[in-house]
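A.B. asks: Below is a structure I'd like to ask you about.
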Amino acid sequence: QFGSHPAPFITRRVLSWRRVPRQTWRAERRTPRMPPAAVYLVAAMIVATAAGKPRQCVDCVVKLGGSAATIKARFETLNEDALSQTAEMLAIARKADPGLKVVVVHGAGSFGHHQAKAYAIQSGAEAHPEGALGFAKTRSSVTRLNGLVVKALVDAGVPAVGISPFPSWMTDQGHLAVDAMDPVANALDAGLVPVLHGDAVLDAAQGWAILSGDDIIVRAAEALAPRRAIFLMDVAGVHDRPPDEQGAVLIRRIDVDADGHAYLPRTSVATHDVTGGLRRKLDSAFKLAAAGVPTYLVQVGSESAREAISGELPSIG
31 QFGSHPAPFI
41 TRRVLSWRRV
51 PRQTWRAERR
61 TPRMPPAAVY
71 LVAAMIVATA
81 AGKPRQCVDC
91 VVKLGGSAAT
101 IKARFETLNE
111 DALSQTAEML
121 AIARKADPGL
131 KVVVVHGAGS
141 FGHHQAKAYA
151 IQSGAEAHPE
161 GALGFAKTRS
171 SVTRLNGLVV
181 KALVDAGVPA
191 VGISPFPSWM
201 TDQGHLAVDA
211 MDPVANALDA
221 GLVPVLHGDA
231 VLDAAQGWAI
241 LSGDDIIVRA
251 AEALAPRRAI
261 FLMDVAGVHD
271 RPPDEQGAVL
281 IRRIDVDADG
291 HAYLPRTSVA
301 THDVTGGLRR
311 KLDSAFKLAA
321 AGVPTYLVQV
331 GSESAREAIS
341 GELPSIG
């Protein structure tokens, strides 16, 4: 999967490669059709470029979005169907390949966000007079969700173990500064499936902050060199406008060059991304693709999700 040459067959399009100015590589299409199921983020050079030598190569890292794992409009409410479907898909994939190495990272969704917002956790320790209590409430909520995700996986036959970023991971002014990937690698070595999550963590500059699951999955990919990355979303992928609007069109492919620059259609999803959540998810996906990790954004519970988890190219939504 990784090497010094581009890999031209990572999608069903046939790609050709040529030099372009500023020493970047770009892919050109020869065939016009792509499966409508997922958004594919394809690195222009399929080369692992993470700093330092990766500890090991895992098969995939899976980001279970908070909007997919929970019902965000309902306080601390699981999306039980989506969670059980994902657990079953992972169990089937591991049964077919007992040596399959997977890392799962999930967002918080309707768990933790309410507490984090009420106590302004992202803004640091001085932002609220009862910030310490708010920090504890936020962590109580997100770790409860982590336990529920782990339980669903274990009930499906997946040897999942929860690993919380706090207290080992830290930020500095809200940006990841210290990570702890050794416990994750050790769990993988033992044949386990580590399950990490977005968390409230200590911050060197402001006391504490929120560490998102999207930031965690990028660091995990840098350390573990996955063969693929999968973002499980509550919609079929990225659209040119909110997907519930009439005329919304699925962006079926996004090319990313080795510098992390994405070639998006003229109408970008960024224009309607009010909360910044989708923008952050795309930024993380772009980083993964630029580092040589084939990256798929698919709908949770869909046939596309099953195929991506099993190592197949997603074909339908």
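One gets this note's numbering by counting positions in the sequence shown from 1 and adding 30 to each. We treat Cβ as the ideally placed atom computed from N, Cα and C, and that holds for glycine.
#1: Assuming contact is defined by CB atoms lying nearer than 9 angstroms, are Lys311 and Lys93 in contact in what I supplied?
#2: If the criterion is Cβ atoms closer than 9 angstroms, does the pair Thr246 and Val135 meet it?
#3: Would you mind working out which of Glu252, Leu175, Asp219 and Glu342 sits nearest Asp209, comparing C-alpha positions?
#4: Is Phe105 near Ser153, with beta carbons less than 9 angstroms apart?
#5: Can you name the start and end residues of the alpha helix (DSSP H) that Met119 belongs to?
#6: Looking at the structure shown, is Val88 part of a helix, part of a strand, or coil, going by DSSP?
#7: Taking buried to mean at least 16 other C-beta atoms within 10 Å of its own C-beta, is Pro344 buried or exposed?
#8: Give the straight-line distance between the Cα atoms of Cys87 and Pro159, rounded to the nearest whole angstrom.
#9: Just verifying my parser: in three-state terms, what is the DSSP assignment at Ile101?
#10: So, at 7 angstroms on beta carbons, what are the nonlocal neighbours of His144 in its own chain, with the 5 sequence-adjacent residues on each side left out?
#11: How many angstroms separate the CA atom of Leu206 from the CA atom of Ala250?
#12: Taking the DSSP output, what are the residues bridged to Met200?
#13: Would you list, in sequence order, the uninterrupted alpha helix (DSSP H) runs of no fewer than 4 residues that lie entirely inside the segment 145 to 202?
#14: Would you call the segment 215 to 227 and the segment 176 to 196 in contact, with 3 or more CB pairs under 8 angstroms?
#15: Tell me whether Val330 sits in a helix, a strand or coil according to DSSP, three-state version.
#16: Among Ser340, Ala319, Lys167 and Arg258, which residue has its Cα nearest to the Cα of Ala90?
#17: Could you tell me the distance, in whole angstroms, from the CA atom of Pro197 to the CA atom of Asp233?
#18: Are His156 and Gln236 close, meaning C-beta to C-beta below 9 angstroms?
#19: Check the DSSP bridge columns for Phe261 and list the partner residues they point to.
#20: Looking at the strands, I want to know which residues DSSP matches up with Ala319.
C.D. replies: If we stick to the structure as given:
#1: Against the sequence shown, residue 311 aligns to sequence position 281. Against the sequence shown, residue 93 aligns to sequence position 63. Closer than 9 angstroms, so yes.
#2: Here the question's residue 246 lines up with position 216 in the sequence shown. Here the question's residue 135 lines up with position 105 in the sequence shown. Note on identity: in this sequence residue 246 is Ile, with Thr being the wrong assignment. Yes. Within cutoff.
#3: Mapped onto the sequence shown, residue 209 falls at position 179. Per the Cα distances, Glu252.
#4: Here residue 105 is taken as the residue at index 75 of the sequence shown, counted from 1. Here residue 153 is taken as the residue at index 123 of the sequence shown, counted from 1. Going by beta carbons, Phe105 and Ser153 fall outside the 9 angstroms limit.
#5: Counting from one through the sequence shown, the residue named residue 119 turns up at place 89. In this chain, the alpha helix (DSSP H) harbouring Met119 covers Glu110 to Ala126.
#6: For the purposes of this step, residue 88 is identified with residue 58 of the sequence shown, where counting begins at 1. Looking at Val88 - three-state DSSP - the assignment turns out to be coil, as it is neither helix nor strand.
#7: Residue numbering aside, residue 344 sits at position 314 when the sequence shown is read from its first letter. Pro344 comes out buried.
#8: Sequence index remark: in the sequence shown, residue 87 carries index 57 (1-based). Sequence index remark: in the sequence shown, residue 159 carries index 129 (1-based). Taking the straight line from one Cα to the other gives about 45 angstroms.
#9: Numbered from its first residue, the sequence shown carries residue 101 at position 71. Three-state DSSP puts Ile101 in coil, outside helix and strand.
#10: Position 114 of the sequence shown, counted from the first residue, corresponds to residue 144. Result list for His144: Phe105, in chain order.
#11: On the sequence shown, position 176 is the one that residue 206 refers to. On the sequence shown, position 220 is the one that residue 250 refers to. Taking the straight line joining both Cα atoms gives about 12 angstroms.
#12: For this step, residue 200 is matched to residue 170 along the sequence shown. DSSP, once it has assigned bridges, lists Val208 and Leu232 as partnering Met200.
#13: 161 to 185
#14: yes
#15: Within the sequence shown, the letter at position 300 stands for residue 330. Coil, per DSSP.
#16: Here residue 90 refers to the residue found at position 60 when the sequence shown is read from its first residue. According to the sequence as given, residue 90 is Cys; it is not Ala. For Cys90, the nearest C-alpha among the options comes from Arg258.
#17: By one-based count along the sequence shown, residue 197 stands at place 167. By one-based count along the sequence shown, residue 233 stands at place 203. Taking the straight line joining both Cα atoms gives about 10 angstroms.
#18: For the purposes of this step, residue 156 is identified with residue 126 of the sequence shown, where counting begins at 1. For the purposes of this step, residue 236 is identified with residue 206 of the sequence shown, where counting begins at 1. Correcting the residue identity first, residue 156 is Glu in this sequence and not His. Yes; because the gap between Cβ atoms is below 9 angstroms, this pair is in contact.
#19: Position 231 of the sequence shown holds residue 261. Lys93 and Leu327, per the DSSP bridge assignment.
#20: Taking the sequence shown and counting its residues from 1, the one referred to as residue 319 is at position 289. The beta-bridge partner set that DSSP reports for Ala319 is empty.
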